[in-house]
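Colleague: Protein sequence lines correspond, in order, to chains A and B. In terms of my numbering, the numbers along the first sequence are unbroken and rise by one, the last being 315. In terms of my numbering, the numbers along the second sequence are unbroken and rise by one, the last being 1289. Don't be surprised by glycine CBs; every beta carbon is placed ideally from N, CA and C.
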Amino acid sequence: MTARVLLAVAGVSALAAIPFGLGNYGCYIMASVMIYAIVALSLNILIGMGGQISIGHAGFWALGAYGSALAVTKLGLPFLAGVAVGGAVAGAFGALVALPALRVQGHYLAIATLGFALFVQQVLFEWEWLTGGRQGLFVPRPALFGFEIVSDFGYYYLLFAIFLLLAWIAGNFRNSLTGRSLMALRMSPVAAECCGIARPRHIIIAFIISAVFCGLSGALYGHLLGHLSTETFSLAASLSFLSMAVIGGLHSRAGALLGGIYLALAPELLREFKEAQMVIYGVLLIVCVQFLPGGLISLPDRARSLLRRKPHGAP
Amino acid sequence: MIVQLVASGLALGSIYALLALALVLINKATDVVNFAQGEMAMLGTFICFTLLGRGGLPLPVVLALALPLGAAIGAVTERLTMPPLRSAPPVNGLIATIGLWMIFHHGAGWIWGYDPLSFPSLFSPEPAHMLGARVAQNSLGIIGVAIMVMILLYVFFDYTRGGIAMRAASMNRRAAQLMGVNVGRVSLTGWALAGAISVVSGLLVAPLTFLDFEMMVSVLLKAFAGAILGGFNTLPGAVIGCLLIGVLENLFAAYVSSAFKDTFAFGVIIVVLMIRPQGLFTRSIARKV
């Protein structure tokens, strides 16, 4: 336990120190690491705890981004209130998608989220007077208590703090009665339901929390980018989110952070491969599901158990 | 007007139905929902296009090669991805098919480029006269091809050992295994069949919409919508659901809004799940515990 706490403290201080050695672009990348990590956190709750899958998280991301941008520009709300509006809008739509899909067993939720993401993207594109449609929408820089956060360096620390807050909430949710019930449902729906756990209600709660987290991340992303256009929220974005969450590790908050790092850095590292990048992501995703289902975060454990088994296991 | 709309709707619906058949087949055989089905169809169609253009093969030969080609794509994919996942939770299988989606989708864009290509029409452009209206031969041809595929599938499932083994495995995998059904081979057959059927749907879509790496995304969504409408675990139900989607979507585009034609399918998914989640043609099955 103490080793884990030490590791967490070391990780947090490293993340707090890194931006000092980076230029403007590096800070931008680090800020997107945090934004992606929040999405990975939201998928951790949905897939890792609930055993449900979404291939439409770009839709919630978009709702959060546009919700916050419109609340700030059209209603004149302050930045943090706008971000909260973004999360709330995404959560409300999460409930709308999940409610019908969960009355049936099977992967209907995944299919519904696929339709949902395409639907959101098209509505945002067609609804020109509100969202700017093809031209997109300009989003002001984030501001706290009347002070505008001009640099990505400053914004990174705000995002880091928000990530830590959400990770803390996710951890508490995991240990709550609802969280435990959810994990029981994932492991054996029949046994859990026999213990009086209502399947639809719990999964809907998980889905809404996941949608809210994703919406918050989208809202924060909009203020980082400064300009929104519907192309950002394509199906490819949903799938990248999913692969980052799986590759980082679905069952741990540090895994979510690793996923965020992966998704933000991979395009930089794989720039040589240009158009083949997404193909590489796909291959990595499949290999990871097959041989490392716990994600990158489980790598040390896996290596240790392999090393330990070697002297005894060989025939 | 209405006859044309219904006929072209039925033709579109037949295309969705073929893809839906592939989806339901794999789902029944292995409990996996294959999100990459449409992309496998697209890949097969691109390979056919290359055989036509660069290979210089005549169209009938390419069409004859399409089925084995699709089956090979399905079988190879299954062998490379599914065996390690057989004992894993079903969500992992689904995630793997999403990885396949990324590989096929962006792989095709990478290899063949991102511009739409025109694919030769399989049927004569002359309209035929039916019920006092002029109906495109293309529509009739598409419906005919779909019916042929369905008859072949029916024969396979009712009269061959492989088909009966697949039905048994889809009803109760463990019992079928105890009776000597090779579940691994059932999975392989399911994927191969689904690959072959979906390439047919890809070949039928390409002349209508241009050959493009994005062409199957909305078709996949509509195949899902149709399969949910009809009931995801029956083949005939899925076919009828898709035909309904094709016709209704055409009428919706003509009389309500053409900009939101593609989101119509999503509306259907949500409404069906709300009102009749088991689909139109299946009774809800009580699960034994």
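How would you write the range of the beta strand (DSSP E) that V1135(B) sits in, first residue to last?
Modeller: Residues 1133-1136.
Colleague: Classify R302(A): buried if its beta carbon has 16 or more other beta carbons within 10 angstroms, exposed otherwise.
Modeller: Its Cβ having fewer than 16 others within 10 Å, R302(A) is exposed.
Colleague: Is there a C-beta anywhere in chain A that falls below 8 Å from the one on I1151(B)?
Modeller: Closer than 8 Å: no.
Colleague: Can you check whether the C-beta of Y1154(B) is within less than 8 Å of a C-beta belonging to chain A?
Modeller: So no, Y1154(B) is outside the interface.
Colleague: So is M1215(B) in contact with chain A if we call contact Cβ pairs under 8 Å?
Modeller: Chain A, which has no Cβ nearer than 8 Å to the Cβ of M1215(B), makes this no.
Colleague: Around the Cβ of V1061(B), are there at least 16 other Cβ atoms within 10 angstroms (buried) or fewer (exposed)?
Modeller: Exposed.
Colleague: My output table needs one value for H107(A): the three-state DSSP class, helix, strand or coil.
Modeller: H107(A): coil per DSSP, three-state reduction.
Colleague: Given L46(A), which residues of its chain have a CB within under 7 Å of its CB, disregarding the five upstream and five downstream residues?
Modeller: If we look at L46(A) and ignore the five residues flanking it on each side, its Cβ neighbours are Q52, S54, A206, F207, S210.
Colleague: Using a Cβ-Cβ cut-off of 8 Å, state whether P315(A) counts as contacting chain B.
Modeller: Summary for P315(A): the model assigns pLDDT 40, below 50, so the residue's position carries little reliability; its value from the coordinates is reported in the next sentence. With 8 Å as the cut-off, P315(A) does not count as an interface residue toward chain B.
Colleague: Rounded to whole angstroms, what's the CA-CA distance from P1081(B) to I286(A)? Just pull it up for me.
Modeller: The sequence shown places Thr at residue 1081(B), rather than the Pro named in the question. Going from the Cα of T1081(B) to the Cα of I286(A) covers about 7 Å.
Colleague: Ignore the nearest five residues each way along the sequence and tell me which others in L1100(B)'s own chain have a CB closer than 6 Å to its CB.
Modeller: Once the five neighbours on either side are set aside, the close Cβ partners of L1100(B) are A1036.
Colleague: If you draw a straight line from the C-alpha of C214(A) to the C-alpha of I38(A), how long is it?
Modeller: Cα-Cα distance, rounded: 7 Å.
Colleague: Run down chain A in chain order and give the residues with a C-beta less than 9 Å from the C-beta of T1081(B).
Modeller: Going along chain A in sequence order, the residues near T1081(B) (Cβ under 9 Å) are I286, V289, Q290.
Colleague: Taking Cβ positions only, does S243(A) come closer than 8 Å to chain B?
Modeller: Chain B contact via Cβ: present.
Colleague: Using a Cβ-Cβ cutoff of less than 7 Å, which residues in the same chain neighbour L1140(B) once the five nearest sequence positions on both sides are dropped?
Modeller: Result list for L1140(B): A1128, in chain order.
Colleague: For a contact meaning CB atoms closer than 9 Å, what does Y281(A) contact in chain B?
Modeller: G1099, M1102, I1103, H1106, listed in chain order.
Colleague: For D1115(B), count neighbouring Cβ atoms within 10 angstroms of its own Cβ and tell me buried if that reaches 16, exposed if not.
Modeller: With fewer than 16 Cβ atoms within 10 Å of its Cβ, D1115(B) is classed as exposed.
Colleague: Pull up the distance between the alpha-carbon of L43(A) and that of Y1159(B), whole angstroms please.
Modeller: Their Cα atoms are separated by approximately 45 Å.
Colleague: Would you mind stating whether P142(A) and T73(A) have Cβ atoms separated by less than 8 Å?
Modeller: Going by C-beta atoms, P142(A) is not nearer than 8 Å to T73(A).
Colleague: Can you check whether the CB of G1230(B) is closer than 8 Å to the CB of L1280(B)?
Modeller: It is a contact, given that the beta carbons lie within the stated cut-off.
Colleague: Okay, do the region 1004-1023 of chain B and the region 1037-1047 of chain B touch, 3+ Cβ pairs below 8 Å being the bar?
Modeller: At 8 Å Cβ cutoff, the stretches touch.
Colleague: Just checking my contact of V1149(B) with V1200(B) at CB under 8 Å: how many whole Å lie between their CB atoms?
Modeller: Yes, they are in contact, since the Cβ atoms of V1149(B) and V1200(B) sit about 6 Å apart, within 8 Å.
Colleague: Closest to F1252(B) by C-alpha separation, out of G1267(B), P1236(B), G1044(B), would be which residue?
Modeller: Selected option, being the one with the closest Cα: G1267(B).
Colleague: Suppose contacts are defined by Cβ-Cβ distances below 8 Å. Is L1188(B) in contact with A1075(B) by that definition?
Modeller: Taking 8 Å as the Cβ cut-off, L1188(B) and A1075(B) qualify as a contacting pair.
Colleague: Does M278(A) get closer than 8 Å to chain B when you measure Cβ to Cβ?
Modeller: Closer than 8 Å: yes.
Colleague: By the 7 Å beta-carbon criterion, what residues does the region 192-204 of chain A contribute toward chain D?
Modeller: This model lacks chain D altogether, as its protein chains are A and B.
Colleague: If you measure beta-carbon to beta-carbon, which residues of the region 52-74 of chain A are closer than 9 Å to chain B?
Modeller: Residues Q52, I53, I55.
Colleague: Judging by CA-CA distance, which residue of L118(A), G50(A), G82(A) is the nearest neighbour of E1214(B)?
Modeller: Ranking L118(A), G50(A), G82(A) by Cα distance to E1214(B) puts L118(A) first.
Colleague: Tell me, please, whether the CB atom of W1110(B) is closer than 8 Å to any CB atom in chain A?
Modeller: So yes, W1110(B) belongs to the interface.
Colleague: Suppose contacts are defined by Cβ-Cβ distances below 8 Å. Is G222(A) in contact with L228(A) by that definition?
Modeller: A contact, by the Cβ cut-off of 8 Å.
Colleague: To the nearest angstrom, how far is the alpha carbon of V1256(B) from that of A1175(B)?
Modeller: When rounded, the distance between both Cα atoms is 50 Å.
Colleague: Starting from H1129(B), trace the beta strand (DSSP E) both ways and give me its first and last residue.
Modeller: Here the beta strand (DSSP E) through H1129(B) covers 1127-1130.
Colleague: Report the rounded CA-to-CA distance for S188(A) versus I197(A), giving the unit in angstroms.
Modeller: Between S188(A) and I197(A), the C-alpha separation is close to 11 Å.
Colleague: Counting only beta-carbon atoms, is P1089(B) nearer than 8 Å to chain A?
Modeller: So, interface residue.
Colleague: Mind pulling the chain A residues with CB within less than 7 Å of N1034(B)?
Modeller: Within chain A, no residue comes near N1034(B); the closest Cβ sits about 10 Å away, beyond 7 Å.
Colleague: Measuring straight from C-alpha to C-alpha, what distance separates R174(A) and S68(A)?
Modeller: C-alpha separation (whole angstroms): 28 Å.
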